[in-house]
Every structure is written in C-alpha cells, then in structure tokens.
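A short worksheet on the structure shown next.
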Ligand code: ADP
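In this note's numbering, the protein residues as written are 12 to 508.
This is the structure we're talking about:
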C-alpha cells in the first residue's frame with residue numbers, strides 16, 4: 012500500500028490538534044482537544060507538559076480513526092507548536108521537573124530589565140535577532156535552573172533535557188530516542204546564533220545554560236527520527252518541524268522574499284519573508300529563521316501583537332457584551348463608525364514595535380452616545396491598527412511598501428475586520444480557502460522531506476484564494492483614523508499603576 016497521507020500535529024497554546032492531508036494538500040480530517048493553562052501568580056502562565064502529550068496523541072488517534080487511515084498509510088508526520096514555551100525533563104524517567112513555562116509568562120521581567128540595562132544588551136540583540144523580553148525562552152530556562160532544587164547540577168551532569176514543545180513532542184514520539192529541535196524554534200530561545208544556526212557559547216554563558224541539556228538543531232524539513240513502533244503501530248518518519256508562525260508562513264506558500272502573512276488568533280503574528288537575507292530590523296521588530304525547505308538559511312522579519320482576538324474573547328467573557336466571537340462582525344456593522352471610540356487592549360503591555368510591558372488597556376473617546384456596538388467595533392479596529400503598526404515597521408525595514416498580505420487565523424474569518432484592515436493599511440488583503448495554515452505548513456515541510464511532494468512550486472499550486480479585500484477609503488480618512496489610534500496608544504502607555 013502506498014503512503015498517501017501526511018499527519019500534522021499542531022500543538023497550540025490552548026489546544027492540541029491533529030490534521031490529516033492527502034496528496035493534493037487537501038485536509039481530510041481534523042481533531043482537537045483543548046487544555047487549560049494555570050496562572051499561579053499574576054503574570055505567570057504554566058501548562059502540564061504530560062497533559063499536552065496525552066492530548067496530542069489522543070488527537071492523532073482520533074483523526075486517524077475518524078478518517079480510517081492506518082498509521083502505515085502515513086508518509087510522514089509534521090509537528091508545529093506554540094513557540095518559546097519551555098519543558099525540562101529527566102533524561103532517564105521522562106518526567107518533567109516542573110510545569111511548562113508558557114511563552115506568555117512574565118516571571119522573568121526583572122531579569123530581562125537587568126539585561127537590557129547591561130553592557131551585554133546590544134550584542135545579544137545583534138547575535139539573536141531578538142529583543143530581550145520574557146517572551147523568549149532563554150531567561151525562562153535560567154529561571155527554572157535557578158529555582159528548582161538541584162536542577163543546575165543535574166543539567167550540567169547531562170541528566171536533564173531542555174526543549175520547547177516541538178522537542179518534547181519529538182522526544183515522546185520517538186520513544187525517547189531523539190532529542191532535537193528545528194531552526195525556527197531554536198531561533199526563539201535567545202541561545203542560538205541567528206546567522207550560524209548553532210547554539211552560541213557566549214549566549215549560553217550569559218544565560219548560564221549547560222550545553223549538555225540542549226537538543227540538536229535540525230532543519231525544518233528533514234527526517235529527524237521515526238515514531239516509536241509501539242505508539243501508533245508503525246514507524247513513521249518525523250520529517251517536518253516548525254514553530255507555529257513559521258509553519259503558517261509555509262502553509263500560506265510564502266516561500267519567497269517580499270511575501271507577507273498575518274495570522275489573526277489570540278495575538279497577531281505578521282511575518283515578512285526576506286529570503287536568504289538576514290535583514291536586521293531598524294524598527295523594533297525581530298528577525299527570525301523562516302522554515303527553509305533545503306539547507307539554505309532563510310529569514311523573516313516578524314512582528315507580534317500580544318492581544319488581538321483575545322480582546323474579542325474579553326468582550327464576550329468578561330464584559331458579556333458579545334454572545335460569540337463571530338457575532339462581533341454583525342455588531343460592528345450595525346454602526347457606521349466607532350463614534351470616536353478607541354480600544355487599546357494592552358492587557359499584558361504592548362508587543363512589537365513598542366515592547367512596553369508597563370502599558371495597560373484603555374478605552375478612550377467615550378461619549379454618552381457610545382454603545383456596546385461601538386466598543387465591539389473599536390475592538391476589531393484595534394486588531395487592524397495594531398497590525399498596521401507591524402506592517403509599517405516591516406515596510407520601513409524592507410524599504411518598500413507592502414501591497415498585498417495573506418491572512419489566516421480565527422479572526423481572519425471576520426469580513427468587517429479584513430475590510431477595515433485593507434482600508435487602514437492601503438493594501439490588498441488575500442484570504443485563502445484553507446485558513447488552518449499552521450497545520451498545513453507542518454504537513455508541507457514533512458511531505459517535502461520525504462519526497463511526497465517534489466517542490467515548493469508544487470505546494471504553491473495547491474494554494475487557493477477564497478476572497479480578496481481591496482482598500483476603499485480615502486487617504487485623508489485613513490490618516491484621520493490612524494492618528495486617533497496613535498493618540499489612544501499614547502494614553503495606554505501613560506497609564507500609571
Ligand atoms: P489561537 O490559535 O491563537 O488559539 P485561533 O486562530 O483559533 O486562535 O482564533 C481564535 C481567536 O480569534 C479568539 O481569540 C477569538 O476571539 C477570535 N475570533 C474567532 N473568530 C472570530 C471572528 N469571527 N471575529 C473576531 N474574532 C474572532
């Protein structure tokens with residue numbers, strides 16, 4: 012029997028999903044299990060790595076059963092994951108030594124502030140392409156080694172293994188035989204030299220991390236091992252690994268310089284492919300590895316907004332002014348404009364390009380005539396305004412304006428938001444037929460590595476447009492709206508706690 016399907020494991024921040032793709036890149040089945048985060052202290056976010064693994068396997072089994080596909084009918088497995096979330100486990104027992112520290116966790120704010128004030132700041136930024144922020148893994152690993160009794164000594168002795176979620180899943184899938192990560196995930200740790208793609212001794216010294224704990228860094232499209240025969244009943248090549256945003260970039264078939272995609276989920280993540288050029292941002296974005304499908308290094312300039320769709324969830328769950336996220340579209344369209352209301356959802360500070368962890372949310376411009384619909388509309392507009400801040404910075408870095416952007420993620424299904432995005436960016440917004448681009452990208456990377464697909468051109472031919480949104484407001488109107496946003500952001504940044 013020929014192997015016709017690719018299994019993609021998509022381990023996100025709130026759910027573990029699995030999807031199955033056929034030879035034409037069409038999704039034939041998807042399954043998902045949600046899991047919670049724990050918030051043991053203000054600003055702290057943790058998850059249970061063993062629970063993530065259990066639910067990831069459950070989703071994989073569900074999708075195979077649902078589609079009646081035998082594991083031996085799989086050509087390869089691809090993995091994509093929430094990035095920067097950290098697991099440390101015992102090499103012998105496989106037991107995590109502490110809860111996983113999630114990317115959103117701010118427990119290392121003070122350590123980052125100290126590094127940002129130190130003489131090391133500039134070369135760390137230069138070498139990693141990142142900024143020094145709790146978001147990235149390095150200070151989280153340092154924190155764990157300093158706070159779990161005995162961890163540092165065990166790490167130095169080689170008894171403990173470190174990994175982001177991709178590494179944890181590879182290790183578990185392979186029955187503890189393979190300890191590996193990929194370049195896209197490694198480029199988010201603050202421990203990798205962005206240009207060479209290797210762990211960097213100077214960085215390991217600054218973050219005080221023992222090299223013995225670190226996984227091998229593989230390419231994103233490469234067979235790193237096989238699944239343990241006992242797990243699914245067949246040894247399937249684990250052949251594609253990429254962090255969620257880089258996988259989404261591949262899933263959008265953004266393989267060449269100048270192509271840009273924005274994902275509208277809990278947050279927004281906008282990646283501009285820069286090809287083989289390591290372009291360092293001069294506008295407070297970060298530079299990251301893109302998922303290369305061959306041995307050549309590829310890069311992207313990335314901007315991230317921490318709260319995007321999560322603002323809609325907040326209106327639904329905390330204010331109770333929305334029955335469900337999709338209803339935000341109809342509510343926003345029930346008024347002709349936001350009546351001067353701006354909503355800056357800086358619940359956890361502001362991400363790129365501000366990197367201001369002290370900012371806090373504001374709703375400004377309220378009058379007695381303001382209604383729930385105006386606030387909902389302002390929340391959707393805030394997603395587009397924040398994305399414009401990213402795209403403006405990317406355009407400035409690239410030296411050329413962005414004229415077309417591919418979109419995906421849950422909130423990209425909102426037509427009002429997409430039209431407003433086109434209007435406020437003065438840019439064509441293109442929404443593909445399959446917006447589950449993260450899982451799709453991991454499948455592509457895995458399929459390319461095993462020869463299931465021949466080339467990125469073949470994959471690009473699978474990509475289909477569902478709808479295009481063209482800009483249709485006047486430049487003066489665009490400027491007026493955006494000026495109002497910048498004024499509201501200034502207010503969010505001056506909130507005193
Ligand atoms: P993630 O992968 O980050 O969990 P998803 O891509 O699944 O996110 O998108 C979910 C997010 O998008 C939620 O924050 C939700 O509030 C928002 N969302 C989903 N559908 C809509 C919609 N139609 N309009 C606006 N926001 C939406």
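Glycine residues also receive a C-beta, built at the ideal position from the N, C-alpha and C atoms.
Is there at least one non-hydrogen atom of the ligand ADP closer than 7 Å to the beta-carbon of residue 432? no
When the Cα atoms are used, what is the spatial distance from residue 85 to residue 435? A straight-line Cα-Cα distance of about 44 Å links residue 85 and residue 435.
Compare the beta carbon distance of residue 302 and residue 456 with 8 Å and say whether it is the shorter of the two. yes
How would you write the range of the beta strand (DSSP E) that residue 385 sits in, first residue to last? Run containing residue 385: none in the beta strand (DSSP E); it sits in the alpha helix (DSSP H), 383-409.
Should residue 424 be listed as close to the ligand ADP, given that the test is whether its C-beta is under 7 Å from any heavy atom? yes
What is the rounded straight-line gap between the Cα of residue 356 and the Cα of residue 409? 28 Å
Less than 6 Å between C-beta atoms, sequence neighbours within five positions excluded: which residues of the same chain meet that for residue 49? The residues 57, in chain order, have a CB closer than 6 Å to that of residue 49 in the same chain once the five nearest residues on each side in sequence are set aside.
Just checking residue 324 against the ligand ADP - is the residue's beta carbon closer than 7 Å to any of the ligand's heavy atoms? yes
On the criterion of 16 or more Cβ atoms from any shown chain inside 10 Å, does residue 481 qualify as buried, or is it exposed? exposed
So, with DSSP's three-state summary, where would you put residue 12? With a pLDDT of only 44 at residue 12, under the threshold of 50, the placement of this residue in the model should not be trusted; the figure read from the coordinates follows. If DSSP states are grouped into helix, strand and coil, residue 12 belongs with coil.
Cα-Cα separation, residue 69 to residue 34: 24 Å
How long is the line joining the alpha carbons of residue 32 and residue 248, rounded to whole angstroms? 15 Å
The segment 231-242 / the segment 450-467 touching (three or more Cβ pairs under 8 Å): yes
Put residue 477 into one of helix, strand or coil per three-state DSSP. strand
List the endpoints of the continuous beta strand (DSSP E) containing residue 415. 415-419
Cβ-Cβ separation, residue 326 to residue 390 (assumed contact under 8 Å), whole Å: 6 Å
Can you pull the DSSP bridge partners for residue 293? None, per the DSSP bridge assignment.
Which partner residues of residue 49 appear in the DSSP bridge assignment? 57
Separation of residue 43 from residue 462, as counted between CA atoms: Taking the straight line from one Cα to the other gives about 28 Å.
Span of the beta strand (DSSP E) holding residue 316? It spans 310-316 - the beta strand (DSSP E) in which residue 316 sits, taken as one unbroken run.
Looking at C-alpha atoms only, which residue of 40, 253, 432 and 20 is the closest neighbour of residue 198? Taking residue 198 as reference, the option from 40, 253, 432 and 20 with the minimal CA-CA separation is 253.
Runs of alpha helix (DSSP H) lying entirely within the segment 182-254, each at least 4 residues, in chain order: 194-197, 212-218 and 240-243
Quick one, are the C-beta atoms of residue 251 and residue 87 less than 8 Å apart? yes
According to DSSP, what are the bridge partners of residue 329? Note: residue 329 sits in no beta bridge, so no partner.
Helix or strand or just coil, what does DSSP make of residue 116? coil
Where residue 28 falls, given that 16 or more other Cβ within 10 Å makes a residue buried: buried
Is residue 428 near the ligand ADP, with its Cβ less than 7 Å from a heavy atom? Yes, the Cβ of residue 428 comes within 7 Å of a heavy atom of the ligand ADP.
Distance, residue 97 Cα to residue 148 Cα: 7 Å
Alpha carbons only, please: which of 74, 45, 286 and 23 is nearest the one belonging to residue 180? 23
Exposure of residue 464, with buried meaning 16 or more beta-carbon neighbours within 10 Å: The Cβ neighbour count for residue 464, taken over all protein chains shown within 10 Å, is at least 16; the residue is labelled buried.
Can you name, in chain order, every residue of its own chain whose Cβ lies under 8 Å from the Cβ of residue 321, other than the five neighbours on each side? 277, 278, 356 and 358
Quick check for students: name the residue ranges of the beta strand (DSSP E) that lie wholly in the segment 55-108, counting only runs of 3 or more. 85-92 and 97-101
Kindly indicate the opening and closing residues of the alpha helix (DSSP H) around residue 275. Element bounds for residue 275: not the alpha helix (DSSP H) but the beta strand (DSSP E), 271-275.
Which residues in the same chain as residue 163 place their Cβ atom closer than 6 Å to its Cβ, once the five residues preceding and following it in sequence are excluded? 156
Using DSSP with H/G/I as helix, E/B as strand and the rest coil, what is residue 483? coil
My output table needs one value for residue 369: the three-state DSSP class, helix, strand or coil. In the structure shown, the three-state DSSP call for residue 369 is coil.
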